[in-house]
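Asks: Sharing a structure here in structure tokens format.
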DNA sequence: AGGAGCACCTGAGTGC
DNA sequence: TGCACTCAGGTGCTCC
Ligand SMILES: [Zn+2]
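Residue numbers (the numbering used here): 44 to 317.
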């Protein structure tokens, strides 16, 4: 489900319900996500704490607490965060429930349990940047064609793998890597060593455009993505290549191709992308 | 360095 | 109705 746009949509949707509120209680299931849910630390640092901000880094959400502690959440493939009245019936695969004032709850649900929840104490959060190895944020000023060309120097991999490398750019997953390369007019298998600065500038520009447009659309709801209020996004209506193998290109009517690159389904227009 | 293959999970879809 | 198989928005491991 969630790449950068979906995570950002969730962040924005949660802010009015969660920031400034105190967490009255925390309840978790005993099933493990990618790692075990840190039940003890949730009790120690989240329960009774007040959330002062929700930040995003790549596909990670960071909940900051008044105490200086932090909770880091990654949604994996099927993770959801939603706001519900405490009276709403629990859903299958709800794994953590944060009770808020006025009978509301923040619930973490994850069918496949590829998600991740980490709690950092104030000392840990202050002394250790958990994102120090992560690449730059594609919506920040530092993300430019020059940055991409510099990071690509000496590497040979396909441009799609490079864009999905979170140590290069944070937050781009399979859907958006495919879409960005379509709009940039570059075939996904192109080795990065051969790209000129002008083409890298195009990649940077289209990355920003695609991600911002997807956020404005409320994300892509391919099968089950919903925002924190349970509503679907509609960027899937604007997808040019992702999931469209065998269909006609929406720009030139050529047949959209599919190949596996880096173990992931890759879609492209053989005519619009060179 | 980075590719291939696999692992972690559940569920939807397809073909027989 | 069941079974076998493929695929899915992510990450991280081992082996070459
Ligand atoms: Zn085309």
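All residues carry an ideal CB built from backbone N, CA and C; glycine is no exception.
Can the beta-carbon of residue 305 be found less than 8 angstroms from the beta-carbon of residue 203?
Replies: yes
Asks: For residue 264, is the classification buried or exposed, using 16 other Cβ atoms within 10 angstroms of its Cβ as the cut-off for buried?
Replies: buried
Asks: Measuring CA to CA, which of 163, 261, 296 and 277 is closest to residue 50?
Replies: Of the candidates 163, 261, 296 and 277, 261 places its Cα closest to the Cα of residue 50.
Asks: In whole angstroms, give me the CA-to-CA distance for residue 158 and residue 117.
Replies: 5 angstroms
Asks: One question on the structure: do residue 221 and residue 231 come within less than 8 angstroms of each other, judged by their Cβ atoms?
Replies: yes
Asks: Shortest alpha-carbon distance to residue 48 belongs to which of 87, 296, 275 and 303?
Replies: 275
Asks: Please indicate yes or no: does the CB of residue 314 lie closer than 7 angstroms to some heavy atom of ligand 1?
Replies: yes
Asks: Can you name the start and end residues of the beta strand (DSSP E) that residue 65 belongs to?
Replies: Counting along the chain, residue 65 falls outside any beta strand (DSSP E), and DSSP gives it neither H nor E.
Asks: Tell me whether the beta-carbon of residue 214 lies closer than 8 angstroms to the beta-carbon of residue 46.
Replies: yes
Asks: Check whether the Cβ atoms of residue 97 and residue 61 lie closer than 8 angstroms to each other.
Replies: yes
Asks: Could you tell me the boundaries of the beta strand (DSSP E) in which residue 166 lies?
Replies: Element bounds for residue 166: not the beta strand (DSSP E) but the alpha helix (DSSP H), 165 to 170.
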